[in-house]
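Reading through the structure tokens given below for one structure.
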Amino acid sequence: MTGGYLILERPNAGVVLSTNARFYAIVKPLYDEIKLDSGAEAWTDVKLTSPQLSRESIYKLSLKNLMLQCVSSRQVLLWTVLCVCVLLSFEISDSPCIDSFQLYLHIFDYSYPALNMVKRESRNPFVEQAVQYAVAAANVTFDKDKKDALNKILLQGLHIMVLGCNDFYSCRNQIEARGLRLTPEALAALPPFTSISFNAEENGQNCKPEVAKTGLGSSAAMTTAVVAALLHYLGVVDLSSLSKDEGPVDVDMVHIIAQTAHCIAQGKVGSGFDVSSAVYGSHRYVRFSPDILSSAQDAVKEKPLQEVMASILKGKWDHERTKFSLPPLMNLLLGEPGTGGSSTPSMVGAVKRWQKSDPTKAEETWRKLSEANSSLEIQLNILSKLAEENWNAYKCVIDICSKQRPEKWIEQATEPGQEVVFKALLGARSTMFEIRNHMRQMGEAAGVPVAAEWLLKKAIYKRSIELDMIEPESQTQLLDATMGMDGVLLAGVPGAGGFDAVFAITLGDSGSNVTKAWSSLNVLALLVREDPHGVSLETGDPRTKEITSAVSAVHIE
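For reference, each letter of the sequence shown is one residue, going 1 to 557 in UniProt numbering.
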């Protein structure tokens, strides 16, 4: 909600709200019994299924170096040939090594370029790294007896199913195909975990189509779900006692592994706020020092994964988090404008280049933005305190404001106990306008292209490209209109901004009127609401029951 861009640098803080849109990772044995065929002890099988993408990927996990080798279903015959070659090498040599297996892979890769293409298209780097680092964490934290037990579990293979709530992905195509209006009711009518649509078909240039997302941090949530489920399944952590009020220290282990896997998968050390939110829920966040993972990115190329993982676990994780949630009777709404996604890396890159080219102006803008972010946080905390100290006055004001346009709020103050609530609400609104203004100025100064180059390069959308900034003109018009509606406290673009989504904080029951107004503006209001809780554990399959409050990790026994 606040802290976009600033959160990249310590000690700047950001306020992040988690939602009830969750990723589920279901982990179970791939085989009923341990398979001990000739030479099989060196490898185990990992199957990843994503029903929403209609994909199934097969991996081989080395029990020696804990690295994955991806094999698609279309490679079954070729994989059989490779296995025969490897088994022959085992019989020929008394001391075979894993390198011989890699040698055969390189030979076949050279001879079959199509195989390389299939492997790249079927790979999910976030899940791959989540598996590798979760298994590595188990390997380096267990003693000999536990390692023996770990190998037995791994030799049964791993079957990992990943499911993401509909709100992570754009469902416009499905709704429009049914001839329905863009309303939350139409979205709710879709089956849970519906098939995921793509932004476009392949353009003939070997360009992989992009999944149409809504900007809720799907890769971070997915990575966290897989890490948490695996760590629990392998016995590294015990999430069964995780309560909604406070979690065990084990959650910190989930956080470290998930941050590591996510950073390695995306090839850079980001701020980590999305992973932190997936693990801990809503909170005030100050990032960890990047050095703790930037060194790991280099080390993993030269050192065994176990050694890298041991160093990461011993490192000084200096991130800061403070409990935060919206004041009572306030609700989070998220809307999908339908104008296409934005490339956060290119936008962040433009801001960083501006910082270097005009450090004086950049420092001044960041200082003002940081002060405004802190001011909004203070105003919201004041409102929470006022609700606690004088509930009746607080509730009365919220009820009044939920039915009035903001410019009329202050006119309704009749008692001293109510006036302070009115002033805090108006103070929060004023601060939000200030934050948006600074974000627009930063975008204009940095020349953030709203991923225009990215969109043109991938040819994903056929629309006029707005060479606007962090808050594009179309978003500005939508947000201004939203903040003028009855009962709306705040509205903005989350995170790095762009076209991904818009959010609104509404008072009382005013949200339904906002969603109707959004629908008339071709904005699809998502079903998500704030859920301040982070990673959780269930023992049931989410597909077999109605989901009201989802969880981030699932382990089915």
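Cβ coordinates follow ideal geometry from the N, Cα and C atoms, glycine included.
Notebook entry, point to check: Nearest-angstrom Cα distance between Asp274 and Glu407?
Noted result: Within the sequence shown, numbered from 1, the residue matching residue 274 stands at position 274. Within the sequence shown, numbered from 1, the residue matching residue 407 stands at position 407. Rounded to the nearest angstrom, the two C-alpha atoms are 35 Å apart.
Exercise for the section: Assuming Thr44 and Leu154 form a contact by the criterion Cβ under 8 Å, report the distance between their Cβ atoms to the nearest whole angstrom. Expected result: For this step, residue 44 is matched to residue 44 along the sequence shown. For this step, residue 154 is matched to residue 154 along the sequence shown. Thr44 to Leu154, Cβ: 5 Å. Contact.
Roughly how far, in whole angstroms, is the beta-carbon of Ala134 from the beta-carbon of Leu150, given that I think they are within contact range, below 8 Å?
Within the sequence shown, residue 134 is the residue found at index 134, counting from 1. Within the sequence shown, residue 150 is the residue found at index 150, counting from 1. Ala134 to Leu150, Cβ: 11 Å. No contact.
### Query
Looking at C-beta atoms only, is the number of pairs between the segment 438-447 and the segment 366-386 that lie closer than 8 Å three or more?
yes
Check: Helix, strand or coil: how does DSSP classify Trp317 here?
Finding: Against the sequence shown, residue 317 aligns to sequence position 317. Trp317: coil per DSSP, three-state reduction.
Pull up the distance between the alpha-carbon of Leu87 and that of Ser62, whole angstroms please. In the sequence shown, residue 87 corresponds to position 87, counting from 1. In the sequence shown, residue 62 corresponds to position 62, counting from 1. The pLDDT assigned to Leu87 is 44, lower than 50, so where the model puts this residue is not dependable, and the model offers no usable value.
Next on the checklist: If I measure Cβ to Cβ from Thr80 and keep anything under 8 Å in the same chain, skipping five residues before and after, which residues do I get?
Outcome noted: Within the sequence shown, residue 80 is the residue found at index 80, counting from 1. The predicted model places Thr80 with a pLDDT of 43, which falls under 50 and marks its position as unreliable; any figure quoted below should be read in that light. Taken in chain order, the list of residues that qualify is empty.
**Message:** Starting from Asn173, trace the beta strand (DSSP E) in both directions and tell me its first and last residue.
**Reply:** In the sequence shown, the residue the question calls residue 173 occupies position 173. That residue, Asn173, is in no beta strand (DSSP E); its alpha helix (DSSP H) goes 172-177.
Once DSSP output is grouped into helix, strand and coil, what is the label at Thr539?
Within the sequence shown, the letter at position 539 stands for residue 539. Three-state result, Thr539: coil.
Self-check item: Run of the beta strand (DSSP E) containing Leu376, from where it starts to where it stops
Solution: Here residue 376 refers to the residue found at position 376 when the sequence shown is read from its first residue. It is not in any beta strand (DSSP E) - Leu376 instead sits in the alpha helix (DSSP H) that spans 359-389.
- request: Give me the Cα-Cα distance between Gln129 and Leu231, rounded to the nearest whole angstrom.
  value: Looking up residue 129 in the sequence shown gives position 129. Looking up residue 231 in the sequence shown gives position 231. If I take the Cα positions, the gap works out to 13 Å.
Legend entry - Cβ neighbours of Phe142 in the same chain (closer than 7 Å, five flanking residues each side left out): Here the question's residue 142 lines up with position 142 in the sequence shown. Only Leu150 meet the Cβ criterion.
Worksheet entry | Under the three-state DSSP convention, the category Phe422 falls into | Counting from 1 along the sequence shown, the entry for residue 422 is found at position 422. Correct three-state label for Phe422: helix.
Taking only the alpha-carbon atoms, compute the straight-line gap between Ser402 and Gly508 and give it to the nearest angstrom.
Taking the first residue of the sequence shown as position 1, residue 402 is located at position 402. Taking the first residue of the sequence shown as position 1, residue 508 is located at position 508. Distance between the alpha carbons of Ser402 and Gly508: 6 Å.
Top-ranked residue by Cα proximity to Asn124, from Thr2, Cys165, Ala265, Ile505:
Here residue 124 corresponds to residue number 124 of the sequence shown, with the count starting at 1. Closest by alpha carbon: Ala265.
Shortest alpha-carbon distance to Tyr280 belongs to which of Arg22, Pro359, Asp145, Glu307? Sequence index remark: in the sequence shown, residue 280 carries index 280 (1-based). Cα-wise, what sits closest to Tyr280 is Arg22.
Subject >> Ile382 CB to nearest heavy atom of the ligand HEM below 8 Å >> reply: Ligands in the displayed structure: none, and consequently the ligand HEM is not present.
Notebook entry, point to check: When the Cα atoms are used, what is the spatial distance from Leu293 to Glu415?
Noted result: Reading the sequence shown from its first residue, position 293 is the one you call residue 293. Reading the sequence shown from its first residue, position 415 is the one you call residue 415. The straight-line gap from Cα to Cα measures roughly 54 Å.
* **C-alpha distance - Thr194 paired with Lys361, whole-angstrom precision** => The residue labelled residue 194 in the question sits at position 194 within the sequence shown. The residue labelled residue 361 in the question sits at position 361 within the sequence shown. For Thr194 and Lys361, the distance between alpha carbons rounds to 47 Å.
Which residues mark the beginning and the end of the alpha helix (DSSP H) in which Tyr133 is found? Here residue 133 is taken as the residue at index 133 of the sequence shown, counted from 1. It spans 125-141 - the alpha helix (DSSP H) in which Tyr133 sits, taken as one unbroken run.
So Thr476 is in the beta strand (DSSP E); what residue range does that whole segment cover? Here the question's residue 476 lines up with position 476 in the sequence shown. Looking at the DSSP string, Thr476 is not in any beta strand (DSSP E); the run it does join, the alpha helix (DSSP H), is 473-483.
Point to revise | Neighbour-count burial assignment, Gln418, 16 or more Cβ in a 10 Å radius | key: Translated into positions along the sequence shown, residue 418 becomes position 418. Counting Cβ neighbours within 10 Å, Gln418 comes out buried, since at least 16 surround it.
**Prompt:** Taking the C-alpha atoms as reference points, what is the distance between Asn166 and Ala229?
**Reply:** Residue mapping note: residue 166 aligns to position 166 of the sequence shown, counting from 1. Residue mapping note: residue 229 aligns to position 229 of the sequence shown, counting from 1. Cα to Cα, the separation comes out at about 20 Å.
Fill in: Whole-angstrom distance between Leu334 and Pro532, CA atom to CA atom
The residue you call residue 532 lines up with position 532 of the sequence shown. The residue you call residue 334 lines up with position 334 of the sequence shown. Their Cα atoms are separated by approximately 15 Å.
Who does Thr506 pair with in a DSSP beta bridge? Stepping through the sequence shown from its first residue, residue 506 is reached at position 506. Asn331, Val488, per the DSSP bridge assignment.
Based on DSSP bridge pairs, tell me the residues matched to Arg284. In the sequence shown, the residue the question calls residue 284 occupies position 284. For Arg284, which the question treats as bridged, DSSP gives the partners Val15, Thr322.
| said: What does the Cβ neighbour count give for Pro233, buried or exposed, with the cut at 16 atoms within 10 Å? | reply: Taking the sequence shown and counting its residues from 1, the one referred to as residue 233 is at position 233. Here residue 233 turns out to be Tyr, not Pro, going by the sequence shown. Buried, by the Cβ-count rule.
Which of the three DSSP states is assigned to Cys401 in this structure? What you label residue 401 is simply residue 401 of the sequence shown in a count that begins at 1. Of the three classes helix, strand and coil, the one that applies to Cys401 here is helix, per DSSP.
Open item on the list: Can you tell me whether Ile196 is buried or exposed? The criterion is at least 16 other CB atoms within 10 Å of its CB, across all chains shown.
Closed with: Taking the sequence shown and counting its residues from 1, one reaches residue 196 at position 196. By the 10 Å Cβ count, Ile196 comes out buried.
**Study point:** For His533, three-class secondary structure by DSSP
**Key:** As a first step, residue 533 is located in the sequence shown; it is residue number 533 there, counting from the start. Looking at His533 - three-state DSSP - the assignment turns out to be coil, as it is neither helix nor strand.
- For the candidate residues Glu538, His255, Leu190, Trp518, whose alpha-carbon lies nearest to that of Ser276? Along the sequence shown, one-based indexing puts residue 276 at 276. Among Glu538, His255, Leu190, Trp518, the Cα nearest to that of Ser276 belongs to His255.
Next item on the list: Could you say if the segment 294-305 and the segment 176-187 meet the contact criterion of at least three C-beta pairs nearer than 8 Å?
Entry: no
Quiz prompt | Beta-carbon proximity of residue 558 to Leu242, cut-off 9 Å | solution = Because the chain spans 1 through 557 in this model, residue 558 falls outside it and cannot be assessed.
Among Val523, Ile470, Cys70, Asn522, which has the Cα closest to the Cα of Lys47? Residue numbering aside, residue 47 sits at position 47 when the sequence shown is read from its first letter. Per the Cα distances, Cys70.
Run of the alpha helix (DSSP H) containing Tyr233, from where it starts to where it stops = Within the sequence shown, residue 233 is the residue found at index 233, counting from 1. 218-234 is the extent of the alpha helix (DSSP H) around Tyr233.
Q | Cβ-Cβ distance between Ala428 and Leu383 below 9 Å | A | Here residue 428 is taken as the residue at index 428 of the sequence shown, counted from 1. Here residue 383 is taken as the residue at index 383 of the sequence shown, counted from 1. For Ala428 and Leu383, yes; Cβs fall inside 9 Å.
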